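See below for the structure under consideration.
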Amino acid sequence: MGLLLPSFAIAQSTIAGPTAYVGGTPVMLTLPVTASVGGRCGFAVNNAPSGSFDAGLIDQAAWSNQFPFVLNCNGAARVAVTSANGGLRTAALPSEPGYTGLAPYTVQLGLVGAGGTSATGQCEASSLIAGASAPCSFIGPATQNQGLRITPSSQNLTGAYLQVSAPAYSGPGVLVQGAYSDTLTVTVSAAI
430 MGLLLPSFAI AQSTIAGPTA YVGGTPVMLT LPVTASVGGR CGFAVNNAPS GSFDAGLIDQ
490 AAWSNQFPFV LNCNGAARVA VTSANGGLRT AALPSEPGYT GLAPYTVQLG LVGAGGTSAT
550 GQCEASSLIA GASAPCSFIG PATQNQGLRI TPSSQNLTGA YLQVSAPAYS GPGVLVQGAY
610 SDTLTVTVSA AI
């Protein structure tokens, strides 16, 4: 008869990976860690351009008004403006020769950025209307490529403004009696 011996199972774990041996060359493993932050841009809380202005008798005196605003952008930004009427317009445009119901005015846009940078642009309201034959460089709406650009960033910096102004209207044509108005829309976008 033979002698029976108990058999033992020996478990061995194997881990795949670099192995370093005593006295050998160390093995280096590089692990790149990356991240990104997208462009974020808007008007600072409670600091969007707003308000209204009554220019008074535009055929008798020059007028001007400034609407301040604050941008909150974590990188370069673009701001753009559109005009609903392309000027101050009365409800009923006259058909008689020599009269008009549309008064021109100037729109100036000023932006401030980090490190003391600034950007300004100025256009006639007529160049801020959709379909303008010679559109303003900052006609809206703002996109990554359209509008007045400020760089490197403008995060809660005061000093940005939209200004409207005109000398007393002197022609061409005579302004008809009535109330004149326009609406400007200001938009902002992260820029590339």
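Just so you know, we're using the numbering used here here: the sequence shown kicks off at 430 and counts up by one. Every residue gets a Cβ at the ideal spot worked out from N, C-alpha and C, and that includes glycine. Bear in mind the structure is a predicted one, so any value in this text is a computation, not a measurement.
- Cβ contact annotation for residue 620 (same chain, cutoff 6 Å, sequence separation greater than five): 505, 506, 507, 573 and 578, in chain order.
- For residue 535 against residue 595, the beta-carbon gap comes to about 6 Å, under 8 Å, which counts as contact.
- The beta carbons of residue 608 and residue 491 sit about 19 Å from each other, so the pair does not count as a contact at 8 Å.
- Cβ neighbours of residue 466 within its own chain (closer than 8 Å, five residues either side excluded): 503.
- Taking the Cα positions, residue 604 is about 24 Å away from residue 537.
- Note that the C-beta distance between residue 489 and residue 590 is not below 7 Å.
- Here residue 493 has 594 as same chain residues with Cβ atoms under 6 Å from its own Cβ, once five neighbours each way along the sequence are excluded.
- Apart from sequence neighbours up to five positions away, the residues of its chain that approach residue 558 with a beta-carbon distance below 6 Å are 512 and 515, ordered along the chain.
- The criterion of a C-beta distance shorter than 7 Å is not satisfied by residue 471 and residue 510.
- Short of 7 Å from the beta carbon of residue 485, and not among the five residues preceding or following it, lie these beta carbons of its own chain, in chain order: 492.
- Ranking 612, 460 and 542 by CA distance to the CA of residue 517 puts 612 first.
- Per DSSP, the unbroken beta strand (DSSP E) holding residue 578 starts and ends at 577-579.
- Beta-bridge annotation (DSSP): residue 497 is paired with 590.
- Inside the segment 525-610, DSSP marks whole beta strand (DSSP E) runs of 3 or more residues at positions 535-541, 547-553, 577-579 and 583-595, from first to last along the chain.
- Residue 469 sits in coil when the DSSP states are folded into three classes, being neither helix nor strand.
- Counting only the Cα atoms, residue 606 lies some 29 Å from residue 615.
- With fewer than 16 other CB atoms across the displayed protein chains lying within 10 angstroms of its CB, residue 464 is exposed.
- Counting the other Cβ atoms within 10 Å of the Cβ of residue 522 gives fewer than 16, which makes it exposed.
- For residue 618 and residue 453, the gap between their C-alpha atoms comes out near 57 Å.
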